[in-house]
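Each residue of the sequence shown is one higher than the last, beginning at 168 in my numbering. Structure record follows, encoded as structure tokens.
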Amino acid sequence: MAKAIMIQGTTSNAGKSLIAAGLCRIFRQDGYRVAPFKSQNMALNSYITRDGLEMGRAQVMQAEAAGIEPDVRMNPVLLKPSSDTGSQVIVMGEIRDEMSAMEYHHYKKKLLPEVRQAFDDLAKTHDIIVIEGAGSPAEINLAENDIVNMGLARYLNAPVLLVGDI
Numbered sequence: 168m169a170k171a172i173m174i175q176g177t178t179s180n181a182g183k184s185l186i187a188a189g190l191c192r193i194f195r196q197d198g199y200r201v202a203p204f205k206s207q208n209m210a211l212n213s214y215i216t217r218d219g220l221e222m223g224r225a226q227v228m229q230a231e232a233a234g235i236e237p238d239v240r241m242n243p244v245l246l247k248p249s250s251d252t253g254s255q256v257i258v259m260g261e262i263r264d265e266m267s268a269m270e271y272h273h274y275k276k277k278l279l280p281e282v283r284q285a286f287d288d289l290a291k292t293h294d295i296i297v298i299e300g301a302g303s304p305a306e307i308n309l310a311e312n313d314i315v316n317m318g319l320a321r322y323l324n325a326p327v328l329l330v331g332d333i
């Protein structure tokens, strides 16, 4: 089973994606088989894999830094905003549904088994998984049913590095 390290930030746009990519590159250069992972990403723009599946572009950049092919298991849940209050929910690269923010907040706990399976699959073939959190772990209104920040870190027993844009 792979070792995991998680990058969280004090805010959105704190530099989590860049730090995660840098760690992927460093671990790769040190001879480790490394993969990025972000259980849930929100992005308007996405990447289409060779298999025609959709995933976040930040994890594609991180996969490139790790020297590996992008794989939807690196970003099992992608939220693509479709309005001021709703998003298209893409799971394992395929459109699952369209939901309001409130609907998704209650639904996301149902995605935890798929998130865990995606991580576990990557962990079988890599030495290190660099996990990127989302937004800020201090958003207590989102702590319930968390699948991307401290909830995931606790489940994986992963140490967390906090990135701050100060």
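Note that beta-carbon positions come from the ideal geometry of N, C-alpha and C, so glycine has one too.
| Item | Value |
| --- | --- |
| In this structure, how does DSSP classify R263 when only helix, strand and coil are distinguished? | strand |
| Let me know the secondary structure DSSP gives P280 once reduced to three states. | helix |
| Under the three-state reduction of DSSP, which class applies to E270: helix, strand or coil? | helix |
| I'd like to confirm the pairing. Which residues does DSSP put opposite I174 in its beta bridges? | E299, L328 |
| Among Y214, R200, M266, A225, which one has its Cα closest to the Cα of N180? | A225 |
| Excluding the 5 residues preceding and the 5 following Y214 in the sequence, name in chain order all residues of the same chain whose CB lies nearer than 6 angstroms to its CB. | M222, R224, V227 |
| Within a Cβ cutoff of 8 angstroms, which residues of the same chain sit near K275, ignoring the five residues on either side of it in sequence? | Q207, V244, N312, I314 |
| Considering only their Cβ atoms, is the gap separating I298 from L328 smaller than 8 angstroms? | no |
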